[in-house]
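Worksheet: the structure to be examined is printed underneath.
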Amino acid sequence: MAGLIPEKVIEKVRSNVNIVDVISQYVSLEKKGKDYIGLCPFHQEKTPSFTVNEDKQFFKCFGCGKGGNVFKFLMYKDNLTFPESVKQVAEFAHIKLSGNFTKPKVSNTMTLMFQDATEFYHHVLLTTNAGRRGLRYARERKMSDEILEHFQIGYAPKQDNLLLTFLRGRNYKDDDLFRSGLFVESKDGRLFDRFRDRLMFPLGNESGYVIGFSGRRISNDKTVAKYINSPETKLFNKSKVLFNFSEAKKAAKQEGHLVLYEGYMDVISAYKAGVKSGIASMGTSLTDQQIYMLKRVTKNIIINYDGDEPGVHAEERATKMFQKAGGFNIGVVVLPDGLDPDEYVKKYGAEKYQDEVKGAFTATDFFLKRLAKKYNLNNDREKIVYLDEAVKVIAKLTNPVEQDLYIDKIAKAQGVSKASLKANLIKQQRRERTANRHKGSNYDNSLPTPELQDLTPPTPTDAPEDEKGDRDPVQTRLLYLFIHSTHAKNYLLKKKFLFPDKDYAKLAELWLKFSESHENPEINSFLDFIPEELQGIIVSAEMADMPDDFTENEIDEQISALHMRKINSKLDELKNQLNDARRKTDTEEIIKITQKILNLKRIQGKKEAF
Numbered sequence: 022m023a024g025l026i027p028e029k030v031i032e033k034v035r036s037n038v039n040i041v042d043v044i045s046q047y048v049s050l051e052k053k054g055k056d057y058i059g060l061c062p063f064h065q066e067k068t069p070s071f072t073v074n075e076d077k078q079f080f081k082c083f084g085c086g087k088g089g090n091v092f093k094f095l096m097y098k099d100n101l102t103f104p105e106s107v108k109q110v111a112e113f114a115h116i117k118l119s120g121n122f123t124k125p126k127v128s129n130t131m132t133l134m135f136q137d138a139t140e141f142y143h144h145v146l147l148t149t150n151a152g153r154r155g156l157r158y159a160r161e162r163k164m165s166d167e168i169l170e171h172f173q174i175g176y177a178p179k180q181d182n183l184l185l186t187f188l189r190g191r192n193y194k195d196d197d198l199f200r201s202g203l204f205v206e207s208k209d210g211r212l213f214d215r216f217r218d219r220l221m222f223p224l225g226n227e228s229g230y231v232i233g234f235s236g237r238r239i240s241n242d243k244t245v246a247k248y249i250n251s252p253e254t255k256l257f258n259k260s261k262v263l264f265n266f267s268e269a270k271k272a273a274k275q276e277g278h279l280v281l282y283e284g285y286m287d288v289i290s291a292y293k294a295g296v297k298s299g300i301a302s303m304g305t306s307l308t309d310q311q312i313y314m315l316k317r318v319t320k321n322i323i324i325n326y327d328g329d330e331p332g333v334h335a336e337e338r339a340t341k342m343f344q345k346a347g348g349f350n351i352g353v354v355v356l357p358d359g360l361d362p363d364e365y366v367k368k369y370g371a372e373k374y375q376d377e378v379k380g381a382f383t384a385t386d387f388f389l390k391r392l393a394k395k396y397n398l399n400n401d402r403e404k405i406v407y408l409d410e411a412v413k414v415i416a417k418l419t420n421p422v423e424q425d426l427y428i429d430k431i432a433k434a435q436g437v438s439k440a441s442l443k444a445n446l447i448k449q450q451r452r453e454r455t456a457n458r459h460k461g462s463n464y465d466n467s468l469p470t471p472e473l474q475d476l477t478p479p480t481p482t483d484a485p486e487d488e489k490g491d492r493d494p495v496q497t498r499l500l501y502l503f504i505h506s507t508h509a510k511n512y513l514l515k516k517k518f519l520f521p522d523k524d525y526a527k528l529a530e531l532w533l534k535f536s537e538s539h540e541n542p543e544i545n546s547f548l549d550f551i552p553e554e555l556q557g558i559i560v561s562a563e564m565a566d567m568p569d570d571f572t573e574n575e576i577d578e579q580i581s582a583l584h585m586r587k588i589n590s591k592l593d594e595l596k597n598q599l600n601d602a603r604r605k606t607d608t609e610e611i612i613k614i615t616q617k618i619l620n621l622k623r624i625q626g627k628k629e630a631f
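So the sequence shown is residues 22 to 631, counted in our numbering.
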């Protein structure tokens with residue numbers, strides 16, 4: 022059937038990749054025992070609960086409940102269909118898929134539309150008369166063909182319906198066109214191209230799929246906004262998007278860090294200068310969500326905003342946000358003469374710019390230098406105030422070596438003794454400890470601060486459906502043995518055991534069918550064979566690290582526990598009925614219910630004795 026990928030091909034793709042390598046493109050994983058852990062890419066959390074088991078090739082987040090194999094990860098992360106996820110994993114493994122299933126139907130109309138729009142703008146820029154104006158501007162900004170190609174930069178012509186005509190020709194419906202944000206609607210209901218006479222920068226999500234655009238004005242008309250972004254849509258939320266993030270993550274593995282810029286042109290200029298790990302927010306201030314995205318990838322962040330006062334002030338704000346989030350190693354670049362990165366590269370060249378990045382200040386150095394500029398250090402009164410403030414900055418450091426380093430630097434720079442600064446440091450630390458103790462005694466920790474509300478994991482009631490896999494350890498253990506041991510399976514079938522829960526019963530039935538139709542049935546392949554709502558049970562069982570060895574006596578005890586649970590549940594129900602009968606003084610009903618309770622207690626007693 023067209024679009025379906027044969028099982029043997031799926032198995033070949035799965036067996037040629039390591040789930041750790043694929044997920045590492047999205048999450049910075051750390052080896053802990055036999056597993057890898059990191060911050061979940063599906064919900065924000067402060068403590069890592071996202072776990073990858075390399076032996077079993079499964080992932081599971083114990084915070085939000087999502088779990089599965091490598092295909093399921095990409096289906097969650099990029100909103101892909103199963104065939105699309107297989108194709109993406111195959112590309113990662115450099116496996117060429119042949120046949121018409123290599124181009125499955127794209128499940129997300131918007132994703133396909135943005136891809137078509139990107140190609141349209143890019144084609145207009147490079148090959149049409151209408152695009153000459155945009156190409157001339159790009160050349161003035163020193164954008165080579167290689168740069169235009171790498172960033173897929175395009176041009177939106179002055180005409181107000183060219184993109185609309187093109188996409189309608191691709192059979193997109195007007196409702197979808199309007200929802201995309203690529204068009205505006207007039208009062209009489211007609212659609213017009215939103216972006217006109219602008220250089221177009223595609224904005225990708227973490228996986229590189231285009232989800233929106235930013236258009237840069239190329240005219241000199243300053244009454245028109247310099248940049249306009251796509252409006253918020255189901256796909257595009259600018260507070261959760263970073264320009265060039267998908268490509269920068271790859272470069273960060275070689276360069277050892279990500280470099281945060283203010284604008285797209287800064288990222289592009291840095292790229293031309295050999296710094297490939299550049300990213301930028303969407304023309305707005307840095308957000309907590311963006312910081313969390315970065316934290317999942319690397320703790321090493323270099324901030325390089327414009328060198329003018331507003332840019333340096335923004336660097337200060339961003340640095341404090343990273344420090345508040347915790348866990349980062351921050352570097353700060355302050356370019357001379359108020360230059361932005363684009364201007365600096367043009368003036369001084371790529372090599373000097375790379376030196377600036379390598380020589381980034383530490384966050385503490387940056388704050389101390391900012392602090393020093395606020396005072397006249399030739400005036401003793403102001404110098405004393407500065408030294409007091411500098412000690413407060415150093416007191417916030419937790420590493421004694423760092424504290425000693427900066428105390429020594431300030432003492433030498435200001436001509437005071439290191440011992441006197443250290444004495445002030447100790448006093449300041451005492452004051453802060455006292456203040457923290459006082460704050461702790463009056464602090465209502467039941468109310469999260471606004472800054473941290475987005476970073477707290479969801480409560481169990483927010484967990485998705487597949488979290489139900491953790492609901493019954495007894496049935497989970499029996500199902501695990503049913504799947505992994507032929508002996509256990511045959512023993513349970515011989516005893517005519519039926520799983521009380523319909524989902525477990527369905528999984529047992531599906532495993533029997535799957536194992537009968539596959540010569541070497543494997544649990545990872547079985548996951549792709551079963552309905553999505555049942556997959557969480559399998560993943561939870563696999564990630565629970567259950568022992569494979571067992572005895573028939575263990576199985577008997579587990580079955581007995583289930584029977585006992587059923588009896589206890591029925592007893593609770595009968596006790597409630599008995600209370601109702603007593604309240605109504607229904608003597609006949611009281612005798613009837615009491616007899617049922619006694620019969621169940623006899624059975625319960627026999628089982629407990631057994």
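For glycine and all other residues, C-beta sits at the position ideal for the given N, C-alpha and C.
Fair warning: this is a prediction, and the values are worked out from it, not measured in the lab.
Check	Outcome
contact_flag[the stretch 399-410, the stretch 327-338] where n(CB pairs < 8 angstroms) is 3 or more	no
Exposure of His143, with buried meaning 16 or more beta-carbon neighbours within 10 Å	buried
Distance between beta carbons of Ala371 and Gly295, contact taken as under 8 angstroms	6 angstroms
Segments assigned beta strand (DSSP E), at least 3 residues, entirely inside the stretch 176-243	204-206, 212-214, 219-225 and 231-238
Minimum C-alpha distance to Phe216 - residue among Gly225, Thr383 and Val205	Val205
Inter-residue Cα distance where the pair is Lys523 and Val91	27 angstroms
Proximity to Lys67 [Cα-Cα], best of Leu169, Met96, Asn589 and Lys316	Lys316
Tyr686 versus Ile40, Gln65 and Phe63, residue with shortest Cα-Cα distance	Any answer about residue 686 is impossible in this case: the structure gives the chain only from 22 up to 631.
Nearest residue (CA-CA) to Phe520, options His584, Gly152 and Lys297	His584
Inter-residue Cα distance where the pair is Pro362 and Phe141	30 angstroms
Three-state secondary structure assigned by DSSP to Ala294	coil
Beta-ladder partner(s) of Asp549, from DSSP	Note: Asp549 sits in no beta bridge, so no partner.
7 angstroms Cβ shell around Ala393 - same chain, five flanking residues per side excluded	Tyr407
Pairwise C-alpha distance: Glu161 and Asp137	27 angstroms
Lys126 versus Ala291 - alpha carbon distance	With a pLDDT of 44 at Lys126, under the threshold of 50, the modelled position of that residue is not reliable, and no figure is offered here.
Selection from Thr608, Arg604, Asp607 and Leu599 that minimises the alpha carbon distance to Leu619	Leu599
Ala281 in three-state terms, based on DSSP	Residue identity check: residue 281 is Leu in the sequence provided, not Ala. Three-state result, Leu281: strand.
Among Met564, Gly229 and Ile289, nearest to Phe83 - alpha-carbon criterion	Met564
Same chain, Cβ closer than 8 angstroms to Pro471, neighbours up to 5 away in sequence not counted	Its pLDDT being 35, under 50, Pro471 is placed unreliably in this model, and the value from its coordinates should be taken loosely. For Pro471, where only same-chain residues beyond five positions count, there are no Cβ hits under 8 angstroms.
Three CB pairs or more closer than 8 angstroms across the stretch 174-183 and the stretch 148-157	yes
Cβ-Cβ distance between Ile174 and Leu203 below 8 angstroms	no
Touch test, the stretch 494-513 against the stretch 547-567, Cβ-Cβ under 8 angstroms, three pairs minimum	yes
C-beta neighbour in chain D for Gly190, strict 8 angstroms	Of the protein chains in this structure there is only one, and it is not chain D.
Integer Cβ distance of Ala335 from Val353, believed to fall under 8 angstroms	Actually they are not in contact, since the Cβ atoms of Ala335 and Val353 sit about 11 angstroms apart, beyond 8 angstroms.
Cβ pair Ile580, Phe518 closer than 8 angstroms	yes
Three-state secondary structure assigned by DSSP to Phe172	coil
Unbroken stretches of the beta strand (DSSP E), 3 residues or longer, contained in the stretch 350-424	350-353
Between the CA atoms of Gln78 and Pro481 - distance to the nearest angstrom	Model confidence at Pro481 stands at a pLDDT of 36, short of 50, so the residue's coordinates are unreliable and nothing is read from them.
Under 8 angstroms between C-beta atoms of Ala411 and Gln450	no
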